[in-house]
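Q: For the record, the sequence lines run as chains A and B.
According to the working numbering, the residues represented by the first sequence are 1 to 67, in order.
According to the working numbering, the residues represented by the second sequence are 68 to 559, in order.
Provided herewith is a single structure, encoded as structure tokens, for subsequent inquiry.
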Amino acid sequence: MSLKQQRIFWALFFGVIILAAFVVPFLPPLRDLTSVYGSFLFWNVFALVVIICLGIITARWRDDDGR
Amino acid sequence: MDANTIYLALFLYFIVGSIIARQARRKLGSGVNDFFLAGRALGGVVAALTYSATTYSAFMLVGLAGFTYIGGVGALGFELIYLSGLILVAFFGPRFWLVGNRYNYLTPTEMLGDRYGSRAVSIVSAVAAVIFLIPYSAVQLIGIGALLEGISGGAIPYIAGVSVAAVIAVYWTWTGGLKAVAWTDSLQAAVMLTVAVLSVIFIAYRAFDGFGGMFAQLEAQYPQWLTVPGPGFFNVNAFVGLTLPWFFFSLSNPQVSQRLFMPGSLGQMRIMVMGFLIFGFIYTLVSIIWGFSARLLLPDLEVADSATPVLLSMNIVPNIVALLVMLGISAAAISTVNSIILSLSSMVCRDVFKNISREIDEERELLIGRIFVPLFTLFILAFATLRLDLIAALSVASSAGLLVMVPALIGAFFWKRGTAAGVLSSVIVGGLTAMILQYSGWRPLDLWPGVWSGIVAVTLFIGVSLLTLPPKKKAEEFLGFLNRELNRRKVI
Numbered sequence: 001m002s003l004k005q006q007r008i009f010w011a012l013f014f015g016v017i018i019l020a021a022f023v024v025p026f027l028p029p030l031r032d033l034t035s036v037y038g039s040f041l042f043w044n045v046f047a048l049v050v051i052i053c054l055g056i057i058t059a060r061w062r063d064d065d066g067r
Numbered sequence: 068m069d070a071n072t073i074y075l076a077l078f079l080y081f082i083v084g085s086i087i088a089r090q091a092r093r094k095l096g097s098g099v100n101d102f103f104l105a106g107r108a109l110g111g112v113v114a115a116l117t118y119s120a121t122t123y124s125a126f127m128l129v130g131l132a133g134f135t136y137i138g139g140v141g142a143l144g145f146e147l148i149y150l151s152g153l154i155l156v157a158f159f160g161p162r163f164w165l166v167g168n169r170y171n172y173l174t175p176t177e178m179l180g181d182r183y184g185s186r187a188v189s190i191v192s193a194v195a196a197v198i199f200l201i202p203y204s205a206v207q208l209i210g211i212g213a214l215l216e217g218i219s220g221g222a223i224p225y226i227a228g229v230s231v232a233a234v235i236a237v238y239w240t241w242t243g244g245l246k247a248v249a250w251t252d253s254l255q256a257a258v259m260l261t262v263a264v265l266s267v268i269f270i271a272y273r274a275f276d277g278f279g280g281m282f283a284q285l286e287a288q289y290p291q292w293l294t295v296p297g298p299g300f301f302n303v304n305a306f307v308g309l310t311l312p313w314f315f316f317s318l319s320n321p322q323v324s325q326r327l328f329m330p331g332s333l334g335q336m337r338i339m340v341m342g343f344l345i346f347g348f349i350y351t352l353v354s355i356i357w358g359f360s361a362r363l364l365l366p367d368l369e370v371a372d373s374a375t376p377v378l379l380s381m382n383i384v385p386n387i388v389a390l391l392v393m394l395g396i397s398a399a400a401i402s403t404v405n406s407i408i409l410s411l412s413s414m415v416c417r418d419v420f421k422n423i424s425r426e427i428d429e430e431r432e433l434l435i436g437r438i439f440v441p442l443f444t445l446f447i448l449a450f451a452t453l454r455l456d457l458i459a460a461l462s463v464a465s466s467a468g469l470l471v472m473v474p475a476l477i478g479a480f481f482w483k484r485g486t487a488a489g490v491l492s493s494v495i496v497g498g499l500t501a502m503i504l505q506y507s508g509w510r511p512l513d514l515w516p517g518v519w520s521g522i523v524a525v526t527l528f529i530g531v532s533l534l535t536l537p538p539k540k541k542a543e544e545f546l547g548f549l550n551r552e553l554n555r556r557k558v559i
């Protein structure tokens with residue numbers, strides 16, 4: 001995948017999951033799930049997915065010495 | 068808690084931090100970049116810790132815990148979406164860093180002025196940052212004053228707490244500039260996280276038989292607190308209104324975005340980003356659990372923000388840990404305030420004075436910047452002692468007000484057609500919109516000020532830019548350089 005395609009892919013991917021983070025907990029079934037395995041778990045998983053994806057993206061950065 | 072014990076703890080804290088700040092000064096160069104950007108050579112771990120300490124203020128263990136107390140799990144969503152705003156650094160961090168090195172930018176507002184070919188853009192953006200960040204800083208000091216007053220049962224007067232915090236912040240900043248701020252921030256970040264984790268473990272195991280027991284009680288006694296809108300505080304409009312402006316925090320707040328100029332390499336920036344994410348994730352969870360614990364243990368509080376001081380005084384947490392938590396909260400506030408003071412000082416000397424009088428040499432520019440460190444501190448202190456309603460309103464408006472910089476920043480890197488007139492109109496009218504809506508309490512269509520200021524800023528930036536002439540030559544040179552470097556360094 002070219003850099004331009006990667007840019008578009010990640011922008012769309014993050015756009016979707018951020019939108020989901022705003023919307024999904026306000027909709028059924030999470031809206032009615034009064035358990036720690038509901039919205040609490042959902043938002044934690046969301047944050048972990050973001051952290052892992054940012055780990056992947058930043059691992060590709062290259063400095064002048066090739067690192 | 069005994070006032071003398073608190074004073075002694077703060078004094079020891081000040082001494083340790085001052086030794087670190089003086090050590091940092093020994094390695095400080097003599098230029099403006101050295102003082103305000105640590106010579107653009109900050110290591111990744113220190114960069115991560117100062118980024119964390121600057122971003123996370125006293126709000127976390129006081130305000131966020133309070134949000135959880137009254138609103139439940141929505142507070143977690145709000146804070147984790149805010150943390151995910153670091154996605155923006157994946158896109159913009161290397162871009163800031165590359166152009167910062169190439170054009171020797173000291174401040175993000177200087178970058179905007181140069182990119183859009185207008186000194187007015189730099190000056191207006193810098194003034195907007197001062198208007199919104201001074202009250203925000205004052206609220207940090209107000210928080211420390213109230214905390215120390217509360218935890219000592221009134222034995223430490225409010226004014227004493229506020230003054231002690233201001234003295235610590237200004238002394239460390241004056242001593243060694245950003246290097247001292249970064250090094251002392253590292254100490255403060257370590258204190259913040261360690262004591263927060265320690266205290267929440269104490270609460271969970273001494274009051275609830277562990278975290279499982281705490282959540283089981285929560286599910287049984289306050290099931291609505293595990294959903295949104297749940298108890299009602301986090302309805303959809305409130306959630307979006309609070310969360311949306313903070314999602315852009317890493318770009319909109321200059322004391323944070325200026326840190327994108329500082330790492331020694333992209334590798335160090337990567338450590339900064341990942342380190343901050345891990346710090347933020349843990350600190351967020353701790354603050355939320357703190358709020359849930361308060362809900363279960365102190366169900367009848369009238370003021371949600373008092374959950375933390377009251378919980379600390381309950382003997383669940385040992386006195387020494389409670390003392391350390393108090394230090395941790397103070398550290399969180401001081402580390403935010405001193406970074407803001409330094410950032411605003413750099414903007415005044417570079418964006419305001421240097422743009423008005425181009426003859427200023429580097430020595431004089433640095434002198435002006437340094438003079439503004441105590442001046443801004445005094446100003447913030449004065450605001451904090453006044454405790455006006457306007458300060459609280461402006462502080463809340465800070466995220467909505469600073470959001471208006473974001474269209475211009477995104478446009479600088481992704482839209483050749485953006486113009487200085489577009490930036491000026493979006494920053495001025497957007498900023499005024501945030502202030503007026505916040506202060507009046509008016510919410511047209513039930514949308515929060517941050518949503519309106521964002522809509523106004525985007526519309527004006529695009530609309531006015533399309534009606535005016537862009538700085539074509541500069542835009543092509545700026546973006547041409549960036550595209551070559553981004554491809555070479557495999558940055559998306």
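Virtual Cβ for every residue (Gly too), placed ideally from N, Cα, C.
Would Gly133(B) and Ala305(B) qualify as a contact pair, given that the criterion is a beta-carbon distance under 7 Å?
A: The answer is no: Cβ separation not under 7 Å.
Q: Would Ile114(B) and Met341(B) qualify as a contact pair, given that the criterion is a beta-carbon distance under 7 Å?
A: Note on identity: in this sequence residue 114(B) is Ala, with Ile being the wrong assignment. No. Outside cutoff.
Q: Between the C-alpha atoms of Phe316(B) and Pro161(B), what's the straight-line distance to the nearest angstrom?
A: Those two C-alpha atoms are separated by around 17 Å.
Q: DSSP three-state label for Pro537(B), please.
A: In this structure, Pro537(B) counts as coil in the three-state DSSP scheme.
Q: Could you tell me which chain A residues have their CB closer than 8 Å to the CB of Gln291(B), listed as they occur along the chain?
A: Result: Thr34.
Q: Flag Ala47(A) as yes if its beta-carbon sits less than 7 Å from any beta-carbon of chain B, otherwise no.
A: True, the Cβ-Cβ gap to chain B drops below 7 Å.
Q: With 7 Å set as the bound, which would you pick, yes or no: does the beta-carbon of Lys483(B) sit closer than that to a beta-carbon of chain A?
A: It does not: the Cβ of Lys483(B) has no partner Cβ on chain A nearer than 7 Å.
Q: Is there a C-beta anywhere in chain B that falls below 7 Å from the one on Ile57(A)?
A: Judged by the 7 Å Cβ criterion, Ile57(A) is in contact with chain B.
Q: Just the C-alpha distance for Leu448(B) and Tyr170(B), rounded to the nearest angstrom, thanks.
A: If I take the Cα positions, the gap works out to 35 Å.
Q: Mapping DSSP to helix, strand and coil, what is Pro385(B)?
A: Reduced to three states, the DSSP call for Pro385(B) is coil.
Q: So, do the region 106-124 of chain B and the region 328-335 of chain B have three or more beta carbon pairs nearer to each other than 8 Å?
A: The region 106-124 of chain B is in contact with the region 328-335 of chain B.
Q: According to DSSP, is Ala173(B) part of a helix, a strand, or is it coil?
A: Note that residue 173(B) corresponds to Leu in the displayed sequence, not to Ala. Reduced to three states, the DSSP call for Leu173(B) is coil.
Q: Less than 7 Å separating the beta-carbons of Thr500(B) and Thr535(B)?
A: The answer is no: Cβ separation not under 7 Å.
Q: Would a check of beta-carbon distances place Phe344(B) closer than 7 Å to chain A?
A: Going by the sequence as given, residue 344(B) is Leu instead of Phe. Chain A, which has a Cβ nearer than 7 Å to the Cβ of Leu344(B), makes this yes.
Q: Taking all protein chains shown into account, do 16 or more other C-beta atoms lie within 10 angstroms of the C-beta of Phe439(B), making it buried, or fewer, making it exposed?
A: Per the 10 Å Cβ criterion, buried.
Q: Can you round the beta-carbon distance between Pro298(B) and Gly139(B) to whole angstroms, since I take them to be within the 8 Å contact cut?
A: Indeed, because the Cβ distance is near 6 Å, the residues count as touching under 8 Å.
Q: Are the CB atoms of Ala205(B) and Ala58(B) within a distance shorter than 7 Å?
A: Lying outside 68 to 559, the shown extent of chain B, residue 58(B) is not represented and no answer is given.
Q: Check the Cβ-Cβ distances between Glu286(B) and every residue of chain A, and say whether any is below 7 Å.
A: Chain A, which has a Cβ nearer than 7 Å to the Cβ of Glu286(B), makes this yes.
Q: So Val188(B) packs on Gly212(B), CB below 8 Å; how close in whole Å?
A: Not really, about 37 Å apart at Cβ, beyond 8 Å.
Q: Give a yes or no on whether the minimum CB-CB distance between Pro25(A) and chain B is below 7 Å.
A: Closer than 7 Å to some Cβ of chain B, the Cβ of Pro25(A) qualifies, so yes.
Q: Which class does Pro516(B) belong to by DSSP, given the choice of helix, strand or coil?
A: Looking at Pro516(B) - three-state DSSP - the assignment turns out to be helix.
Q: Assuming Gln255(B) and Ile408(B) form a contact by the criterion Cβ under 8 Å, report the distance between their Cβ atoms to the nearest whole angstrom.
A: Not confirmed; about 15 Å, so no contact.
Q: List the endpoints of the continuous alpha helix (DSSP H) containing Thr261(B).
A: Where Thr261(B) is concerned, the enclosing alpha helix (DSSP H) stretches over Tyr225 to Ala274.
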